[in-house]
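In my numbering, the protein residues as written are 8 to 322.
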């Protein structure tokens, strides 16, 4: 059982004093990132008891990085709610953006979840159900009572790595594109990037959003900005399909407030695709990506692609 800061026998006389002592003046607003239909009643009540205003957008900015950036700019605390289901993917996407902006983050995860992805372990995490009033109160009071620096997110980039011999495994996967589903292909790329030391990779769940992955990386901030949006296609042999793919990605990059997008493809001719590239889209085949990651960190590959585009070199 979790022990709360204010003992129950003192509830009537000193609870307000305890809460006042716990609340840091640097935290006045909070944005909650949670899957649809999550029961947030206990959490929102706890926040309001601590005079923390919950930011509620007029329209949910799901999939719109520019709208989310505007909301996060004026938010002191971001709370993420995880579930075991894939519907949590937008939570990952938004938390990645909050982390990239240096926001204070508190994460709630299921108490009996056996695995928490390594890229989420950088955040202060509470394993408790959203109905656990004591656990929520304890976590909030501990976070708010501490100096901001105590809970500052670690911004040390993940060490850049190469795939080395592991590249063979991903190359083998790229040879099976004809039998792979879009989700399997996405996971192949995602796993390769994580093994290659990419800081944050978030999966965009709705394919109608026009982007499969979003990458936040301190090492790429100066060259391509954050996030780098990634679209993955198994084949782009027909010029019309190639043109449509790059057009959609370019529009998504512009709408999100990002600077660059990366189009990864399996089966296709680079010479066919090159002529239709907008100025904010980078292009690379999956086989080339995995082969280069054998000897080069992913960040170096992206910087090289960007420099070739900007300075007129071949892609």
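Backbone N, C-alpha and C fix where the C-beta goes; we use that ideal spot for every residue, glycine too.
Pull up the CB-CB distance for residue 82 and residue 59, whole angstroms please, since I reckon it's below 8 Å.
Rounded to the nearest angstrom, the Cβ distance from residue 82 to residue 59 is 10 Å, too far for a contact under 8 Å.
Would the region 47–63 and the region 135–145 be scored as touching if the rule is three or more Cβ pairs under 8 Å?
Because the criterion of three Cβ pairs below 8 Å is met, the region 47–63 and the region 135–145 touch.
Quick check on residue 103: does DSSP put it in helix, strand or coil?
Three-state DSSP puts residue 103 in a helix.
Taking residue 309 as the reference, which of 188, 80, 205 and 258 has the closest Cα?
Relative to the Cα of residue 309, the nearest Cα in the group 188, 80, 205 and 258 belongs to 205.
What three-state label does DSSP hand residue 311 in the structure shown?
In this structure, residue 311 counts as helix in the three-state DSSP scheme.
Cα-Cα, which of 105, 148 and 191 is closest to residue 54?
For the residues 105, 148 and 191, the minimum Cα distance to residue 54 belongs to 148.
For residue 202 and residue 168, the rounded distance between their alpha carbons:
Spanning the two alpha carbons is a distance of roughly 8 Å.
Local Cβ density within 10 Å of residue 285, reported as buried at 16 or more and exposed below that
It counts as exposed.
Within its chain, find whatever has a CB closer than 8 Å to the CB of residue 40; leave out the 5 residues flanking it on each side and keep chain order.
Non-local beta-carbon contacts of residue 40 in its own chain, meaning distances under 8 Å to residues more than five positions away in sequence, involve 85, 86, 87, 88, 97, 98, 101, 102 and 105 in chain order.
So if DSSP puts residue 230 in a beta bridge, which residue, or which two residues, is it bridged to?
Answer is none; residue 230 lacks a bridge partner.
Sorted by chain position, which residues of the same chain lie with C-beta nearer than 6 Å to residue 69's C-beta, five sequence neighbours on each side aside?
Low per-residue confidence applies at residue 69: pLDDT is 49, beneath 50, and the placement is therefore not dependable, though the value from the model is reported in the following sentence. Contacts found: 97.
What is the DSSP secondary structure of residue 59, reduced to helix, strand or coil?
Coil at residue 59, not helix or strand.
Could you check whether residue 296 and residue 256 sit closer than 8 Å to each other, using their CB atoms as the reference points?
Not a contact, by the Cβ cut-off of 8 Å.
With the cut-off set at 8 Å, would you say residue 150 and residue 131 are in Cβ contact?
For residue 150 and residue 131, yes; Cβs fall inside 8 Å.
Taking the alpha helix (DSSP H) that residue 180 belongs to, which residues open and close that run?
174–181 is the extent of the alpha helix (DSSP H) around residue 180.
Can you have a look at residue 175 and say buried or exposed, based on whether 16 or more other CB atoms are within 10 angstroms of its CB?
Residue 175 is exposed by the Cβ-count criterion.
Flag this pair as yes or no: are the beta carbons of residue 249 and residue 236 separated by less than 8 Å?
The answer is no: Cβ separation not under 8 Å.
Which first and last residues belong to the alpha helix (DSSP H) in which residue 36 is found?
Judged by DSSP secondary structure, residue 36 falls outside any alpha helix (DSSP H) and instead within the beta strand (DSSP E) spanning 36–40.
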